[in-house]
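J.: First, the structure itself, so that you have it in front of you.
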Amino acid sequence: MCAACTGVTPCSLDRDDYPAVITGPTQKESLCFAQTNNPLRASGLILAGKVKHIESMIGPEDPPPYTIINAQGQAKILLVGDHVSNVIPGALENLGLKDAMLEQHIAYDIGTRKLINHLSQHLDATAVLAGYSRLVVDLNRSLEDNSVMPEISDNIVIPGNQNISEEHRKQRIQSFYTPYRKAIDMALQRFRENNVVPAFIAIHSFTPQMTGFSRPWHVGILWDKDPRIPLPLMQRLRAHPDGFNIGDNEPYSGKHPADYTIDHHAEAAGIPHVSIEIRQDLVNTENGAERWASILHDALRDVLADPGLYRVWQSL
Ligand SMILES: [Zn+2]
Numbered sequence: 199m200c201a202a203c204t205g206v207t208p209c210s211l212d213r214d215d216y217p218a219v220i221t222g223p224t225q226k227e228s229l230c231f232a233q234t235n236n237p238l239r240a241s242g243l244i245l246a247g248k249v250k251h252i253e254s255m256i257g258p259e260d261p262p263p264y265t266i267i268n269a270q271g272q273a274k275i276l277l278v279g280d281h282v283s284n285v286i287p288g289a290l291e292n293l294g295l296k297d298a299m300l301e302q303h304i305a306y307d308i309g310t311r312k313l314i315n316h317l318s319q320h321l322d323a324t325a326v327l328a329g330y331s332r333l334v335v336d337l338n339r340s341l342e343d344n345s346v347m348p349e350i351s352d353n354i355v356i357p358g359n360q361n362i363s364e365e366h367r368k369q370r371i372q373s374f375y376t377p378y379r380k381a382i383d384m385a386l387q388r389f390r391e392n393n394v395v396p397a398f399i400a401i402h403s404f405t406p407q408m409t410g411f412s413r414p415w416h417v418g419i420l421w422d423k424d425p426r427i428p429l430p431l432m433q434r435l436r437a438h439p440d441g442f443n444i445g446d447n448e449p450y451s452g453k454h455p456a457d458y459t460i461d462h463h464a465e466a467a468g469i470p471h472v473s474i475e476i477r478q479d480l481v482n483t484e485n486g487a488e489r490w491a492s493i494l495h496d497a498l499r500d501v502l503a504d505p506g507l508y509r510v511w512q513s514l
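As numbered in the working numbering, residues 199 to 514 make up the sequence shown, in order.
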């Protein structure tokens with residue numbers, strides 16, 4: 199029986215007194231959606247009709263579904279890391295994969311946790327970090343996307359993702375996906391309450407080799423309609439004395455619907471945004487992550503210093 203069902207009011211955050219680090223619900227009772235006063239239901243994030251008790255997949259030894267770091271950050275910036283984690287919840291038994299496979303890029307964006315940690319400090323920006331691997335549920339996909347629980351990733355069959363039942367799918371969504379979406383919404387709501395239109399920056403990393411092709415870019419800047427951050431950011435990165443190869447919508451395109459976090463939370467709201475992809479061999483060490491956090495900070499600083507940036511985008 200969950201706390202909500204027993205009438206215990208779920209804890210809510212005091213927005214005037216944010217702790218430095220906020221984590222998502224880890225205990226089974228906090229994920230019951232049967233109660234109408236569950237904040238996740240009230241937010242509309244739980245789809246209509248899904249009102250029965252669904253047990254969370256998050257066990258007592260598992261981490262929370264998200265962590266918000268530097269929650270008191272003063273910058274008008276929100277950083278997000280959809281793919282920072284390679285953790286599989288105990289209940290899913292590694293999805294049938296060997297441990298070594300979970301160290302590879304199919305499980306997470308190598309180096310991005312360190313990179314975001316440093317960048318969050320440099321910019322004094324709040325960051326929302328995912329708690330689980332993209333193989334459990336890909337947080338940068340819409341729920342309609344077939345690759346949201348990928349059966350195959352970079353030619354590797356994911357045994358635990360074959361023929362997932364509808365019930366199991368709902369359980370994953372409500373344990374990992376919905377709390378993460380809610381965490382980003384919660385962070386954005388905090389800006390709204392202060393009448394601030396923040397800049398939204400998603401950080402990813404890409405594998406240097408893909409299907410036999412060596413990717414030449416150091417960094418990729420992904421964007422679609424709103425050029426306010428991407429164009430000046432690319433200009434500054436290209437002017438760096440080390441002569442970096444900067445991909446304009448490479449190795450992935452921001453125009454592709456798979457870039458769900460940006461599309462859903464930022465583009466749809468007209469918030470200035472960019473998705474930054476760093477090549478993994480550049481950030482897979484502490485030194486590399488620190489160096490690239492500094493490089494990105496230097497390039498972003500001027501772009502983000504423009505007070506005119508913090509407005510809702512009015513497209514033509
Ligand atoms: Zn990614």
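Heads up, the beta-carbon is just placed ideally off N, CA and C, and yes, glycines get one too.
Determine contact between the segment 400–419 and the segment 339–350, defined as no fewer than three beta-carbon pairs at a distance below 8 angstroms.
T.: No contact exists between the segment 400–419 and the segment 339–350.
J.: Between G329 and V285, how many whole angstroms is the CB-CB distance? I'm expecting something under 8 angstroms.
T.: Indeed, because the Cβ distance is near 7 angstroms, the residues count as touching under 8 angstroms.
J.: Tell me the DSSP secondary structure of S254 in three-state form.
T.: Correct three-state label for S254: coil.
J.: Under 5 angstroms, CB to any heavy atom of ligand 1. Which residues pass, going along the chain?
T.: Ordered along the chain, the selected set is H281, D307, H402.
J.: If you compare alpha carbons, which of Y458, Q302, L502, Y508 is closest to Y375?
T.: It is Y458.
J.: Please report the Cβ distance between I266 and V219, rounded to the nearest whole angstrom; I am assuming they are in contact, meaning their Cβ atoms lie under 8 angstroms.
T.: Between V219 and I266 the Cβ distance is about 7 angstroms, and since that is below 8 angstroms, they are a contact.
J.: Could you give the residue range of the alpha helix (DSSP H) that holds L293?
T.: Here L293 belongs to no alpha helix (DSSP H), and DSSP marks it neither H nor E.
J.: Assign K423 to one of two classes, buried (16 or more other C-beta atoms within 10 Å of its C-beta) or exposed (fewer than that).
T.: Looking at its Cβ environment, which holds fewer than 16 other Cβ atoms inside 10 Å, K423 is exposed.
J.: Could you tell me the alpha carbon to alpha carbon distance between L498 and L431, rounded to whole angstroms?
T.: Their Cα atoms are separated by approximately 6 angstroms.
J.: Just how far apart, CA to CA, sit E253 and L333?
T.: Roughly 20 angstroms between the two C-alpha positions.
J.: Along the beta strand (DSSP E) that carries T265, what are the first and last residues, could you check?
T.: Taken as a continuous stretch (DSSP letters only), the beta strand (DSSP E) holding T265 covers 264–267.
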